[in-house]
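Working notes, beginning with the structure itself.
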Amino acid sequence: MTSMIPHVPTTPSPGRKRPTIRDVAREAGVSYATVSRVLNGREWVSPEAVRAVREAISRTGYTANPHARSLATGKSGSIAFLLTEPQHLLFEDPNFSVLLRGVAQALSDRELTLILMIASTPEERARTIAYLSGGHVDGVLLVSPHSGDPLLSQLVRAEVPIVACGRVLGYEQVISSVMADDRNGGRSAVEHLIGAGCGRIATITGPQDTAGGVDRLQGYHDALIAHGLTIDPGRIVHGDWSRESGAAAMRTLLERSPDLDAVFAASDAMADGALRVLREAGRDVPGDVRVVGFDDSGLAATTEPPLTTVRHPLDRVSEEMVRLLTDVIAGRTPLSITVPTTLVVRASSPA
Numbered sequence: 090m091t092s093m094i095p096h097v098p099t100t101p102s103p104g105r106k107r108p109t110i111r112d113v114a115r116e117a118g119v120s121y122a123t124v125s126r127v128l129n130g131r132e133w134v135s136p137e138a139v140r141a142v143r144e145a146i147s148r149t150g151y152t153a154n155p156h157a158r159s160l161a162t163g164k165s166g167s168i169a170f171l172l173t174e175p176q177h178l179l180f181e182d183p184n185f186s187v188l189l190r191g192v193a194q195a196l197s198d199r200e201l202t203l204i205l206m207i208a209s210t211p212e213e214r215a216r217t218i219a220y221l222s223g224g225h226v227d228g229v230l231l232v233s234p235h236s237g238d239p240l241l242s243q244l245v246r247a248e249v250p251i252v253a254c255g256r257v258l259g260y261e262q263v264i265s266s267v268m269a270d271d272r273n274g275g276r277s278a279v280e281h282l283i284g285a286g287c288g289r290i291a292t293i294t295g296p297q298d299t300a301g302g303v304d305r306l307q308g309y310h311d312a313l314i315a316h317g318l319t320i321d322p323g324r325i326v327h328g329d330w331s332r333e334s335g336a337a338a339m340r341t342l343l344e345r346s347p348d349l350d351a352v353f354a355a356s357d358a359m360a361d362g363a364l365r366v367l368r369e370a371g372r373d374v375p376g377d378v379r380v381v382g383f384d385d386s387g388l389a390a391t392t393e394p395p396l397t398t399v400r401h402p403l404d405r406v407s408e409e410m411v412r413l414l415t416d417v418i419a420g421r422t423p424l425s426i427t428v429p430t431t432l433v434v435r436a437s438s439p440a
């Protein structure tokens, strides 16, 4: 478990008394109670009073004592970024780092502390639930949840406000979520390949215990059905989002369907693994086989050739997750937000 603190208040110089709320109230010309309401985000404070208090805080150099504020408000001021994948994927999968960076900025803008937690093993899950149940965080940003993971029911029982990145299969009514339009994104990828003249299109799916894996595969089905093409189970191989799983899946696809003319991989990392195997097999991309990925991560522009892909707008997803979590913490009803995807055309499957 790692703590990331994006906002570090300035401390007074040695020998100087730390300014107090009463100093701020005196400087602003308002009551102690008014300053307290402004600091704690309470309502019933006039805009003029809010402005006067903020200007007084700036002039006095006041910074809140987080421990005192926690006691007064019942809030910790901390939010957990909870990744349910093995730790190495945080650094290997570019999506997680992009999402983490966006969440850190959105929390910093709200003067909230980010706590990074990994829970992929039974021991990590036990420590995570114990920590979260202890009231150390005000909410959880849940990343890469898998259906059937016992952690999900434990989180719900802990009654911690949660917002997930992606729909949580089986928990849609109790866990809020922010997701890309994975199904339409998958469909647009395959329709692009069909429009380029491809008719023997394979897919490397994401894990089928994740909403993203399920929905992107459904988009593949939708496109083939809409255009009267046969869904061949031999052209569908499952991966786990990683580059190595994409490579292994591509080898299987070449054995099963050596005449395939296109591949839709449900992540850029898997697409990169597929490109490597196609090169080793002497298949030209895009001349012999066209390849489309999903995410438009930083990896996509650096593959050989550069990857046509579906843009997963993680910058917007991270901002919406933090915004929605503050609503859930405030007691609002859980809901889901879907953000649109767009196709980014590059050399692996030109227009």
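Here the sequence shown is numbered in my numbering, starting from 90 and rising by one per residue. Each residue gets a CB set at the ideal place from its N, CA and C atoms; glycine is no exception.
Distance between beta carbons of residue 382 and residue 336, contact taken as under 8 Å = Actually they do not touch by this definition, with Cβ atoms about 14 Å apart.
Enclosing alpha helix (DSSP H) for residue 197 [first to last residue] | 183 to 198
How is residue 281 classed by DSSP in three states: helix, strand or coil?
-> helix
Helix, strand or coil at residue 235 [DSSP, three-state] | coil
Taking only the alpha-carbon atoms, compute the straight-line gap between residue 427 and residue 265 and give it to the nearest angstrom.
-> 11 Å
For residue 282 versus residue 438, is the C-beta spacing smaller than 8 Å?
-> yes
Cα separation between residue 254 and residue 110?
-> 38 Å
What residue range is occupied by the uninterrupted beta strand (DSSP E) comprising residue 352?
-> 351 to 354
How would you write the range of the alpha helix (DSSP H) that residue 226 sits in, first residue to last?
-> Looking at the DSSP string, residue 226 is not in any alpha helix (DSSP H), and its letter there is neither H nor E.
Continuous alpha helix (DSSP H) stretch holding residue 414: start and end | 403 to 418
Using a Cβ-Cβ distance under 8 Å, would residue 231 count as near chain C?
-> The displayed structure is made up of one protein chain only, and chain C is not part of it.
Where DSSP assigns a beta bridge to residue 266, which residues make up the other side?
-> 253, 425
C-alpha distance - residue 126 paired with residue 134, whole-angstrom precision = 7 Å
Which listed residue (387, 141, 326, 333) has its alpha carbon closest to that of residue 362 | 333
Around the Cβ of residue 429, are there at least 16 other Cβ atoms within 10 angstroms (buried) or fewer (exposed)?
-> exposed
Please name the residue or residues paired with residue 107 in a DSSP beta bridge.
-> Partner(s): none; residue 107 has no beta bridge.
Do three or more CB pairs link the stretch 223 to 234 to the stretch 167 to 178 at distances below 8 Å?
-> yes
Looking at the unbroken beta strand (DSSP E) that takes in residue 167, where does it start and where does it end?
-> 167 to 172
Between the stretch 235 to 242 and the stretch 268 to 276, do three or more beta carbon pairs fall short of 8 Å?
-> no
Please work out which residues of its chain come closer than 7 Å, Cβ to Cβ, to residue 285, disregarding the five sequence neighbours upstream and downstream, and give them in chain order.
-> 379, 438
Kindly provide the ranges of any alpha helix (DSSP H) runs that are 4 or more residues long and lie completely inside the stretch 352 to 389, ordered along the chain.
-> 357 to 369
Return helix, strand or coil for residue 435, following the three-state DSSP convention.
-> coil
Can you have a look at residue 140 and say buried or exposed, based on whether 16 or more other CB atoms are within 10 angstroms of its CB?
-> exposed
Give the DSSP-derived three-state secondary structure of residue 123 in the structure shown.
-> helix
Mind checking residue 448: buried by the 16 CB within 10 Å criterion, or exposed?
-> Residue numbering for the chain in the displayed model covers 90 to 440; residue 448 lies beyond these limits and cannot be assessed.
Give the secondary structure of residue 149 by DSSP, where H, G and I count as helix, E and B as strand, and everything else as coil.
-> helix
Candidates 304, 296, 414: which alpha carbon is nearest residue 277's?
-> 304
Cutoff 6 Å; reference residue 433; Cβ partners in own chain excluding five residues on either side | 385, 398, 400
Under 8 Å between C-beta atoms of residue 138 and residue 123 = yes
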